[in-house]
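In our numbering, each residue's number is its place in the sequence shown (first place is 1) plus 11. To start, the structure itself, in C-alpha cells.
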Amino acid sequence: AILVRTMPAGTLEQVISRMDMLARLSNKGSVVLNNPKSLESAIDKYVTTTRLMDAGIPVPRSAIVQSSTDLRSCADEFGGVAVLKPIFGSNGQGLVLFEGDTKQLPPFFSEAGVAVAQEHIANAGWDARILVVGSEAFAMRRVAADGEWRTNISCGGRAESFTPPKEWLQLAHLAAHALGANIAGVDILPGSDGSPWVLEVNAVPGWQALQSVTQENISAA
12 AILVRTMPAG
22 TLEQVISRMD
32 MLARLSNKGS
42 VVLNNPKSLE
52 SAIDKYVTTT
62 RLMDAGIPVP
72 RSAIVQSSTD
82 LRSCADEFGG
92 VAVLKPIFGS
102 NGQGLVLFEG
112 DTKQLPPFFS
122 EAGVAVAQEH
132 IANAGWDARI
142 LVVGSEAFAM
152 RRVAADGEWR
162 TNISCGGRAE
172 SFTPPKEWLQ
182 LAHLAAHALG
192 ANIAGVDILP
202 GSDGSPWVLE
212 VNAVPGWQAL
222 QSVTQENISA
232 A
C-alpha cells in the first residue's frame with residue numbers, strides 16, 4: 012500500500028500532476044491511502060465544505076469570494092467578521108480573521124483571485140483534532156497560543172489530552188466518510204453554546220502532537 016503522508020504546496024499544475032500520478036498508481040492496482048479522489052476533495056477547501064454540507068454535517072456559513080467587495084459583503088452577512096481561507100492550504104497558513112480592513116488581506120488573495128470566506132464561530136480558544144483511522148478514532152484538544160486565534164500546532168497551539176463526546180466522534184467518522192477518506196484529521200470547534208462545528212478535514216494528517224498526549228499506539232491502528 013502507498014500511504015500519502017504529505018501534500019506540499021505548489022502551483023495548480025504541480026498539485027494536478029501529483030493527483031494524476033497517484034490516480035495512475037491506483038488504476039494500476041496499487042492501494043493508495045487515501046484514494047486520489049478523497050485527496051482531491053480534502054485539498055480543496057470549497058469542495059470539502061460542500062461535501063460536508065451535503066452530508067448534513069454542521070459547518071460554518073461559507074462562500075466563495077473573488078474580490079474585497081465580496082469579502083466585505085460576506086463579513087457583513089456573517090456578523091462583521093469572516094475567516095478568509097486559501098482554497099489550497101494547510102497548517103493554518105494564510106488564514107486571516109477579516110473584520111473589514113482590506114489592508115489585512117494576505118498576498119495569496121490577490122494572487123489567486125479567489126478564496127473561501129467562512130463565518131467566525133465564537134469560541135473559547137480551543138478545538139479538537141480527531142484522527143479517524145478506519146473504524147477507530149484518536150483525539151486531542153488544541154489550545155491557541157496567547158494572542159493567537161488559530162489553534163494549529165504549527166501556529167503555536169498546545170496539544171492536550173482530550174476525550175471527546177460520543178457525538179463528536181460520530182461527526183468525525185461522518186466527515187471522513189463524506190470525503191471518502193480512510194484516514195482523516197477532522198477539526199471540530201465547540202461554539203459558545205457548546206454545539207460542535209466541523210471546520211476542516213485533512214486527508215494527509217500528521218499525528219506526532221496527538222501521539223504525544225495519548226498512550227494509545229496510533230501507528231499500530
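Beta carbons are placed, not taken as given, at the ideal position from N, Cα and C, and that holds for glycine.
Beta-bridge pairing by DSSP links residue 208 to 200. For the options 143, 222, 134, the alpha carbon positioned closest to that of residue 172 is the one of 222. In this structure residue 96 touches residue 105 by the C-beta definition: roughly 7 angstroms separates them, less than 8 angstroms. Residue burial is scored here from C-beta neighbours: residue 168 has at least 16 other C-beta atoms within 10 angstroms and is therefore classed as buried. As far as DSSP is concerned, residue 132 takes part in no beta bridge. Taking each of 163, 84, 34, 59 in turn and checking the Cα distance to residue 112, the smallest one comes out for 84. Annotation: the continuous alpha helix (DSSP H) that includes residue 30 extends over 23-38. Per DSSP, the continuous beta strand (DSSP E) segment holding residue 151 begins and ends at 147-154. For residue 58, the three-state secondary structure derived from DSSP is helix. For residue 43, the beta-bridge partners assigned by DSSP are 13.
DSSP places residue 186 inside the alpha helix (DSSP H), whose first and last residues are 177-189.
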